[in-house]
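Numbering (mature numbering (1 follows the signal peptide of the UniProt record, and there is no 0)), first residue to last: -19 to -1, 1 to 179.
Cβ coordinates follow ideal geometry from the N, Cα and C atoms, glycine included.
Just below is one structure, and these are the notes that go with it.
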Amino acid sequence: MEYFSIYVLCIVVVGFASAQTPSFGKCPEVPSAKNVRVDRFLGKWYEIERSFYIYEVPTACTTIDLKRKDNTTKELEVTVKTFNRWIRRPFTRHGKATPKGDGTAVLDYKVNTRLPDLLARFLPGVGRYTVLATDHDTYAVIYSCSDMRFFHANLIWVLGRKEEIPVWARAEAYDKLSAAGFDSDQLTLTKRKNCPNF
C-alpha cells in the first residue's frame, strides 16, 4: 500500500508539473526589463496570452489592476478579476506586491488572506514576478517560476492595456521571450468572448 501511495503521488506531481512547462533543476535567473517605471506601470492590464497554469484552466477575461497603496510605501495594491467559465461567476482576488527595491522590475506578490504566512505562501498566484519587457502603454511580458526542488515550472503572461494588442507589440513580446530563452509557442490566447464588465 505504501508503494502504491508513493507511485500515485509521483504521477500526480509529474502530471501537475508537466502541465506547467517543467524543466529539471532550479528556476533560471532571468534578467528583468531595465526601463520599467513603476508609476507608469500602474493601472489596468488585460491578460492577452499565458502559458498553461493549472489554476487558470477554468478562467477567462482576466484583468489585473495595480495601484499605489499610499505615498509613503513602495507597496502596491493588486486586484485580479477573472471569470470562471465552469460555474459562470466572476471572481476578484486582492493582494499586495512589493518591488524588490534593487533597481530591477521584480515584484513579490502575496494574496490578502487571514491564513498564517506558512500556509499563505502556497496559495495560487503567490510568488515572485519579473517584468521581462514593457513599453508601459501597450504591452508587458511577465515571468514567474514555481520551484519544486528538483524541477521547476515556468509561467509566462503577455498583458495589454487593451483587450487586444497590435501585431507589432505581440512580435516585440515574442522577441523578448525568445531572447530570455522561452518559446512563445507555449502560450495560449486568453478567452475574452462575452466578458462581464468588471
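Setting aside the 5 residues that flank it on each side, F163 is surrounded in the same chain by N135, I137, each with a C-beta closer than 7 Å to its C-beta; the list follows chain order. The shortest C-alpha to C-alpha distance from D156 to any of S125, N175, R130, L113 is the one to L113.
Assignment of L23 by DSSP, reduced to helix, strand and coil, places it in the coil class. Membership of V148 in the alpha helix (DSSP H) is indicated by the continuous run 148 to 160. Spatial neighbours of R66 in its own chain (CB-CB distance under 8 Å, excluding positions within 5 residues in sequence) are listed in chain order as P39, T40, A41, K172.
For L140, the closest of P80, S159, T43 by C-alpha to C-alpha distance is T43. Rounded to the nearest angstrom, the gap between the Cα atoms of V61 and I45 is 5 Å. In this structure, H117 keeps its C-beta atom at 9 Å or more from the C-beta atom of G6.
Under the three-state reduction of DSSP, E58 is assigned to strand. The Cβ atoms of E58 and G82 do not sit closer than 9 Å to each other.
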